[in-house]
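*Asks:*
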Amino acid sequence: MMDLFEWAESRTNAMTIWDIGALKVYCVMLGMIVGAYMSGFIREHLWWFLLPVLFLGTGVGYRWLSAKPS
Numbered sequence: 219m220m221d222l223f224e225w226a227e228s229r230t231n232a233m234t235i236w237d238i239g240a241l242k243v244y245c246v247m248l249g250m251i252v253g254a255y256m257s258g259f260i261r262e263h264l265w266w267f268l269l270p271v272l273f274l275g276t277g278v279g280y281r282w283l284s285a286k287p288s
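Each step along the sequence shown adds one to the number in the working numbering, with nothing skipped, and position 31 is 249.
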C-alpha cells in the first residue's frame, strides 16, 4: 500500500502550476454537472459543460500518468 502512495506522491510532485489549475477547473466543471444535473439549463446545455470536463480531465490525467518522477 505504501508503494501506491509513494507512486502517487512522485507523480503529484511532477505537476506544474498549469496542471493544478486545469485540475481545479476540471473539478469545478464536473461538480457543476453532477451537482446541478436536475437544473433545466444544465440539462439543455450539457455538452457545452461536458466538453471542457472531458478535455481537461484527459489532459491532466495524461500529464499525471506520463510525468517523470522527480
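In this text, a Cβ means the ideal position worked out from N, Cα and C, and glycines have one as well.
1. DSSP on A290, reduced to helix/strand/coil?
2. What three-state label does DSSP hand S257 in the structure shown?
3. In this structure, how does DSSP classify A232 when only helix, strand and coil are distinguished?
4. Using beta-carbon positions only, say whether R229 and W265 come within less than 8 Å of one another.
5. Is the separation between the beta-carbon of V243 and that of L274 shorter than 8 Å?
*Replies:* Result, derived from the coordinates:
1. Nothing in the structure corresponds to residue 290, since the chain is present only between 219 and 288.
2. coil
3. coil
4. no
5. yes
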